[in-house]
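K.L.:
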Amino acid sequence: MRHTGFRRTFVAIGVCSSLGLAASACGSGDDDTASGKTRITVNCEPPKSAKVDRTFFDDDTAAFEKQNPDIDVVAHDAFPCQDPKTFGAKLAGGQMEDVFYTYFTDARHVVDINQAADLTPYLKDLKSYDTIQKQLRDIYTVDGKVYGIPRTGYSMGLIYNRKLFQKAGLDPDKPPATWEEVRADAKKIAALGNGTVGYADYSAQNQGGWHFTAELYSQGGDVVGADGKASVDTPEGHAVLRNLHDMRWTDDSMGSKQLLIINDVQQMMGSGKLGMYLSAPDNIPILVKEKGGDYKDLALAPMPGGKGTLIGGDGYMFNKKDTPAQIRAGLKWLDHMFLTPGKGFLGDYARAKKNDAPVGLPEPRLFTGAADAKDQQAKKANANVPVENYQAFLDGNQQLQMKIEPPNAQQIYSVLDSVVSAVLTKKDADIDQLLKDASAKIDSIPRS
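For what it's worth, this note's numbering labels the leading residue of the sequence shown as -5, then goes sequentially.
1) The alpha helix (DSSP H) that contains Asn257, what's its start and end?
2) Which partner residues of Glu39 appear in the DSSP bridge assignment?
3) When burial is assigned at 16 or more other CB atoms within 10 Å of the CB, is Arg177 buried or exposed?
4) Tell me the rounded alpha-carbon separation between Ala17 and Lys314.
5) Please state whether DSSP places Val353 in a helix, a strand or coil.
6) Just how far apart, CA to CA, sit Asn62 and Ala69?
7) Within the continuous beta strand (DSSP E) that includes Asp144, where are the two ends?
8) When the Cα of Asp54 is compared with those of Pro144, Leu333 and Val136, which residue comes out closest?
9) For Met270, name the three-state secondary structure that DSSP assigns.
10) Cα separation between Glu59 and Val259?
11) My output table needs one value for Lys348: the three-state DSSP class, helix, strand or coil.
12) 8 Å is my cut-off, CB to CB: does Lys301 come that close to chain B?
13) Give me, in chain order, the residues of the same chain whose beta-carbon lies closer than 8 Å to that of Gln252; leave out the 5 immediate sequence neighbours on both sides.
14) With respect to the beta strand (DSSP E) encompassing Met311, which residues constitute its N-terminal and C-terminal limits?
15) I'd like the span of the alpha helix (DSSP H) that includes Val46, first residue to last.
16) Which residue from Gln160, Ala364 and Asp195 puts its Cα closest to that of Lys182?
17) Please report the Cβ distance between Phe339 and Phe51, rounded to the nearest whole angstrom; I am assuming they are in contact, meaning their Cβ atoms lie under 8 Å.
18) Any idea if Ser433 is buried or exposed, counting beta-carbon neighbours within 10 angstroms, 16 or more meaning buried?
19) Counting only the same chain and skipping the five closest in sequence on each side, list residues whose C-beta sits under 7 Å from that of Asn349.
20) Among Ile280, Ala185, Leu113 and Gly302, which one has its Cα closest to the Cα of Gln213?
21) Once you ignore the five residues that flank Asp221 on each side, which residues in its own chain have a CB closer than 6 Å to its CB?
22) Check Met331 in the structure and name its three-state DSSP category.
23) State the start and end residues of the unbroken alpha helix (DSSP H) segment that holds Ala446.
24) Do you know whose CA, among Pro400, Thr125 and Leu85, lies nearest Gly444's CA?
25) How many Å lie between Ile406 and Asp216 at the Cα?
26) Count the CB pairs spanning the segment 74 to 87 and the segment 116 to 123 that are closer than 8 Å, and state whether there are at least three.
27) Do Thr35 and Glu91 have their C-beta atoms closer together than 8 Å?
28) Please classify Glu357 as buried or exposed, where buried requires at least 16 neighbouring CB atoms within 10 angstroms.
29) Using 8 Å as the Cβ pair cut-off and three pairs as the minimum, do the segment 379 to 394 and the segment 285 to 297 touch?
30) Determine the DSSP secondary structure at Tyr289, reduced to helix, strand or coil.
31) How many Å lie between Asp195 and Gly300 at the Cα?
32) Measure the C-alpha to C-alpha separation of Ala19 and Gln109 and round it to an integer number of angstroms.
33) Kindly list the residues whose CB is nearer than 8 Å to the CB of Arg236, restricted to its own chain and excluding five residues on each side of it in sequence; keep chain order.
34) For Phe206, which of Asp100, Gly189, Ala185 and Glu230 has the nearest alpha-carbon?
What follows is the structure in structure tokens.
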């Protein structure tokens, strides 16, 4: 599911004609320009409206070209990087850039329809590959072959308002660790009155299904089993919905306004009227810069339940038409732009701090070992947010199973959206029947 944190999950996709590249298809496999350089087209360049990020991206690309005078990088911009409405058509039509952005959930599909280049023979050209977390690398590995390179990763947690916790007599340094504690804390926060909501959740535009999945993972459940069949009509699935129902209707701790989406909930949290909601760390700067929040009041805890959390992220895949020279050039570009600890578009923390971008959020955390230590050291040295507010999240995540979104995620989320919305808008919603019906609908979704 898409997130909205600009520095970490900023996404953009380019259209060839928008840049006047009629003479060069997005992914043509023609790697030689008139100058004899190897040319690669790439996407996810920030739009001109994002002036700081656009400058960073273009400066880094220019520096790469200076260091590699035999490579010409043509970047395409637009927003978002991957538009679900056009991604499938571009992919099927062979119109992708030479190096193109994907969500983690896209990897298998791109490979299945034979639109991705096999990068396995070229991995020696990617200096950073072995430093990337294996669970993220595995997402782009299909049948033992590597078809993509991770760029960022996120995991879900619980954002909470420290000020409201204090007002409600709760310890802001001890966030709830179980769903029972979430319910109890939400009730105390809602009791503050004056429109204060204890806990909020999404229930529209597929976002309710996304959060249901995250909550199910936190209970130790799954959306689909190893056999590909639905596994939502389980004790864990019932526990998720029963908890939401009871907070909404028995405790009145979720407020009367429902069918919320991410922007609604962010606005509530930023205005100081919400105690808790689920999200990744990238929401925090949005709450401050766009919704009126304050970094000192916002903290992050691991997913309640202690069993699992939903992870997601993005990376780059390569057009199947790419030449070997283009693949090698693209891998070098990824190393330079995104995969060198403490440097590049996402990792130059000193530059980010200088330009008032948040530094010190607990994610993304892409690397392992010495590379991770170097990256974290650079981040810590330039931190401009209260990192102590996120320590519980960092500590707790070490104990959780990290689980990627299910196959056919958006179709499944659409089904589960109606389940969550029914529970939050109908006091007498039949949870047993809702989950039974949802299972049948999920099983009817064609497998990609």
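For every residue, glycine included, the Cβ atom is placed at its ideal position computed from N, Cα and C.
P.N.:
Let me spell this out:
1) If you number the sequence shown from 1, residue 257 lands on position 263. Taken as a continuous stretch (DSSP letters only), the alpha helix (DSSP H) holding Asn257 covers Ile256 to Gly264.
2) Reading the sequence shown from its first residue, position 45 is the one you call residue 39. The partner list for Glu39 (beta bridge, DSSP) reads Asp71.
3) On the sequence shown, residue 177 is found 183 positions in, with the first residue counted as 1. Buried, by the Cβ-count rule.
4) In the sequence shown, the residue the question calls residue 17 occupies position 23. In the sequence shown, the residue the question calls residue 314 occupies position 320. Any reading at Ala17 is ruled out, since the residue's pLDDT is 31, under 50, leaving its predicted position unreliable.
5) Taking the first residue of the sequence shown as 1, we reach residue 353 at position 359. Residue state, collapsed to three classes: coil.
6) Walking along the sequence shown from the start, residue 62 turns up at place 68. Walking along the sequence shown from the start, residue 69 turns up at place 75. Distance between the alpha carbons of Asn62 and Ala69: 16 Å.
7) Translated into the one-based positions of the sequence shown, residue 144 becomes position 150. Before going further, note that residue 144 is Pro rather than Asp in the sequence given. Where Pro144 is concerned, the enclosing beta strand (DSSP E) stretches over Gly142 to Ser149.
8) Translated into positions along the sequence shown, residue 54 becomes position 60. Here the closest residue by C-alpha is Leu333.
9) Here residue 270 corresponds to residue number 276 of the sequence shown, with the count starting at 1. Looking at Met270 - three-state DSSP - the assignment turns out to be strand.
10) In the sequence shown, counting from the first residue as 1, residue 59 sits at position 65. In the sequence shown, counting from the first residue as 1, residue 259 sits at position 265. Each residue's Cα considered, the two are about 42 Å apart.
11) Numbered from its first residue, the sequence shown carries residue 348 at position 354. It is helical.
12) No chain B appears in the structure shown, which is made up of a single protein chain.
13) Indexing the sequence shown from 1 puts residue 252 at position 258. If we look at Gln252 and ignore the five residues flanking it on each side, its Cβ neighbours are Ser197, Arg242, Ser415, Leu418 and Thr419.
14) Locating residue 311 in the sequence shown gives position 317, counting from the first residue. Gly302 to Phe312 is the span of the beta strand (DSSP E), which, as asked, contains Met311.
15) Start at 1 with the first residue of the sequence shown, and residue 46 comes out as number 52. Unbroken alpha helix (DSSP H) run through Val46: Lys45 to Gln61.
16) Counting from 1 along the sequence shown, the entry for residue 182 is found at position 188. Taking only the C-alpha atoms, the option nearest Lys182 is Gln160.
17) Walking along the sequence shown from the start, residue 339 turns up at place 345. Walking along the sequence shown from the start, residue 51 turns up at place 57. Confirmed, Cβ separation roughly 6 Å.
18) The sequence position of residue 433 within the sequence shown is 439, counting from 1. Flag for Ser433 reads buried.
19) Taking the first residue of the sequence shown as position 1, residue 349 is located at position 355. Same-chain partners within the cutoff: Val46.
20) For the purposes of this step, residue 213 is identified with residue 219 of the sequence shown, where counting begins at 1. Nearest option by C-alpha distance: Gly302.
21) Within the sequence shown, residue 221 is the residue found at index 227, counting from 1. Contacts found: none.
22) Looking up residue 331 in the sequence shown gives position 337. In the structure shown, Met331 sits in a helix (DSSP, three-state: H, G or I).
23) Because the chain is modelled from -5 through 442, residue 446 falls outside the range shown and cannot be assessed.
24) In the structure as shown, the chain starts at -5 and stops at 442, and residue 444 therefore has no counterpart that could be examined.
25) Working through the sequence shown from its first residue, we reach residue 406 at position 412. Working through the sequence shown from its first residue, we reach residue 216 at position 222. Computed Cα separation, rounded: 12 Å.
26) no
27) Indexing the sequence shown from 1 puts residue 35 at position 41. Indexing the sequence shown from 1 puts residue 91 at position 97. Yes, the pair counts as a contact, with Cβ atoms nearer than the cut-off.
28) For this step, residue 357 is matched to residue 363 along the sequence shown. That one is buried.
29) yes
30) Locating residue 289 in the sequence shown gives position 295, where the first residue counts as 1. Of the three classes helix, strand and coil, the one that applies to Tyr289 here is helix, per DSSP.
31) What you label residue 195 is simply residue 201 of the sequence shown in a count that begins at 1. What you label residue 300 is simply residue 306 of the sequence shown in a count that begins at 1. Between Asp195 and Gly300, the C-alpha separation is close to 19 Å.
32) Numbered from its first residue, the sequence shown carries residue 19 at position 25. Numbered from its first residue, the sequence shown carries residue 109 at position 115. Here the model assigns Ala19 a pLDDT of 39, short of 50, so the residue's position is not dependable and the matter cannot be decided.
33) Start at 1 with the first residue of the sequence shown, and residue 236 comes out as number 242. The answer, listed in chain order, is Ile425.
34) Taking the first residue of the sequence shown as 1, we reach residue 206 at position 212. Selected option, being the one with the closest Cα: Glu230.
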